[in-house]
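Under this note's numbering, read the sequence shown as residues 5 to 276, first letter to last.
Note that CB positions come from ideal geometry on N, CA and C, so glycine has one too.
None of the values given here were measured: they were computed from a predicted structure.
To start, the structure under review is shown below, and the notes come after it.
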Amino acid sequence: MKTYTLDDLVYLMTRLRDPERGCPWDIKQDWQSIVPHTLEEVYEVVEAIENRDWSHVEEELGDLLFHIIFYCQFACEEDRFSLESLIDRIVKKLLRRHPHVFPDGTLESWRDPGEISEEQINQNWELIKQQEKPKEKKDKSALAGVPSTFPALQRAFKLQKKAARVGFDWTERKDVLGMLRAEIEELEEALDAGDSVAVEDELGDVFFTLVNLSRHLDIDPESCTRQSANKFESRFRKMEQIAQKSQSDLASMSLSEQEQLWQHAKQMLADK
Numbered sequence: 005m006k007t008y009t010l011d012d013l014v015y016l017m018t019r020l021r022d023p024e025r026g027c028p029w030d031i032k033q034d035w036q037s038i039v040p041h042t043l044e045e046v047y048e049v050v051e052a053i054e055n056r057d058w059s060h061v062e063e064e065l066g067d068l069l070f071h072i073i074f075y076c077q078f079a080c081e082e083d084r085f086s087l088e089s090l091i092d093r094i095v096k097k098l099l100r101r102h103p104h105v106f107p108d109g110t111l112e113s114w115r116d117p118g119e120i121s122e123e124q125i126n127q128n129w130e131l132i133k134q135q136e137k138p139k140e141k142k143d144k145s146a147l148a149g150v151p152s153t154f155p156a157l158q159r160a161f162k163l164q165k166k167a168a169r170v171g172f173d174w175t176e177r178k179d180v181l182g183m184l185r186a187e188i189e190e191l192e193e194a195l196d197a198g199d200s201v202a203v204e205d206e207l208g209d210v211f212f213t214l215v216n217l218s219r220h221l222d223i224d225p226e227s228c229t230r231q232s233a234n235k236f237e238s239r240f241r242k243m244e245q246i247a248q249k250s251q252s253d254l255a256s257m258s259l260s261e262q263e264q265l266w267q268h269a270k271q272m273l274a275d276k
């Protein structure tokens, strides 16, 4: 059986976009219409990795690669750039940003990284990034480079991390916990006052402070929140299975009965 290559995938894409003999769905797509599908593919890659389902990882990475080829096809059709120029650009950028590995900025050069720390690598990376930006477009803020389109938890994490690099950060975890307690108190005050605008504002501050705490604990907020969501889903589905086996209607149960079922489901999953 033939083993297909990247070139074959590129050719397939050009066939799908052929105005006369291509696929009607693929032909009508554009930059904006594909974006939601790309985001979905990214999350499916993440889910497959977290589940350690390696066959599924391969499949989902293939889907994501197809989206990259899709965008490159748009670019070629509009004479903007090509897959080849994209690859050339990323290789050159990575060579520039790893001078501790490629001292001459070429793949042929080599250097022993020695005792360089991860902190030094990150600092050099950010400095080189800033130097690469055109002067007329350079954002000099310490917070530059965090897209507004990032998921909220990830954006908060990145902004806090950048602010911490210039010293704007709590020094102790206990200080962050103290701020979290203060933010919860302010949320409670807003709730007691019945001020819906203030409630939303204070709730956002609670989330933001929780992200700060996760950063100080060296825990990715997106990852741990996904884990909690997955845990909740597993337990709730187990509740539904238990109720179904006993021919009970989960929706008709009292909250106390549902809580008992929840604890039972937790125990069953913990015993596995």
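query	result
Between residue 71 and the rest of its own chain, which residues show a CB-CB distance below 8 angstroms, the 5 nearest in sequence each way excluded?	38, 41, 42 and 45
From what residue to what residue does the alpha helix (DSSP H) around residue 126 run?	122-136
Using a threshold of 8 angstroms, state whether the C-beta atoms of residue 189 and residue 213 are closer than that.	no
Assess, as a yes-or-no matter, whether the stretch 60-75 is touched by the stretch 7-21 under the definition of 3 or more beta carbon pairs within less than 8 angstroms.	yes
Counting C-beta neighbours from all protein chains within 10 Å, is the total for residue 84 16 or more, i.e. buried, or is it exposed?	exposed
Would you call the stretch 236-246 and the stretch 254-273 in contact, with 3 or more CB pairs under 8 angstroms?	yes
Indicate whether the contact test is met: 3 or more Cβ pairs, each with one atom in the stretch 128-148 and one in the stretch 189-198, closer than 8 angstroms.	no
Give the range of the alpha helix (DSSP H) segment to which residue 84 is assigned.	That residue, residue 84, is in no alpha helix (DSSP H); it is neither H nor E in DSSP.
Quick one: Cα of residue 254 to Cα of residue 260, how far?	12 angstroms
Taking DSSP as the reference, what is the three-state secondary structure of residue 55?	coil
Of the residues 216, 184 and 112, which one's Cα is nearest the Cα of residue 3?	No information on residue 3 is available, as it lies outside the stretch 5 to 276 that the chain covers here.
Out of 125, 96 and 127, point me to the one whose CA is closest to residue 112's CA.	96
Do you know offhand how far residue 170's Cα is from residue 152's?	21 angstroms
Residue 244 lies in the alpha helix (DSSP H); which residues open and close that run?	225-249
At 4 residues or longer, what runs of the alpha helix (DSSP H) sit wholly inside the stretch 136-173?	156-168
Under 7 angstroms Cβ to Cβ from residue 155, same chain only, skipping five residues before and after it: list those, please.	226
For residue 279 and residue 158, which I take to be in contact (beta-carbon distance under 8 angstroms), what is that distance rounded to the nearest angstrom?	Nothing can be reported for residue 279: it is not among the residues displayed for the chain, which extend from 5 to 276.
Name the two residues that bound the continuous alpha helix (DSSP H) containing residue 30.	28-32
Who are the near neighbours of residue 200 in its chain, counting only those whose CB is closer than 8 angstroms to its CB and skipping five residues on each side?	none
Taking the alpha-carbon positions, what's the residue 126 to residue 176 distance?	22 angstroms
Mind checking whether residue 34 and residue 78 have CB atoms under 8 angstroms apart?	yes
Around the Cβ of residue 206, are there at least 16 other Cβ atoms within 10 angstroms (buried) or fewer (exposed)?	buried
Less than 8 angstroms separating the beta-carbons of residue 150 and residue 162?	yes
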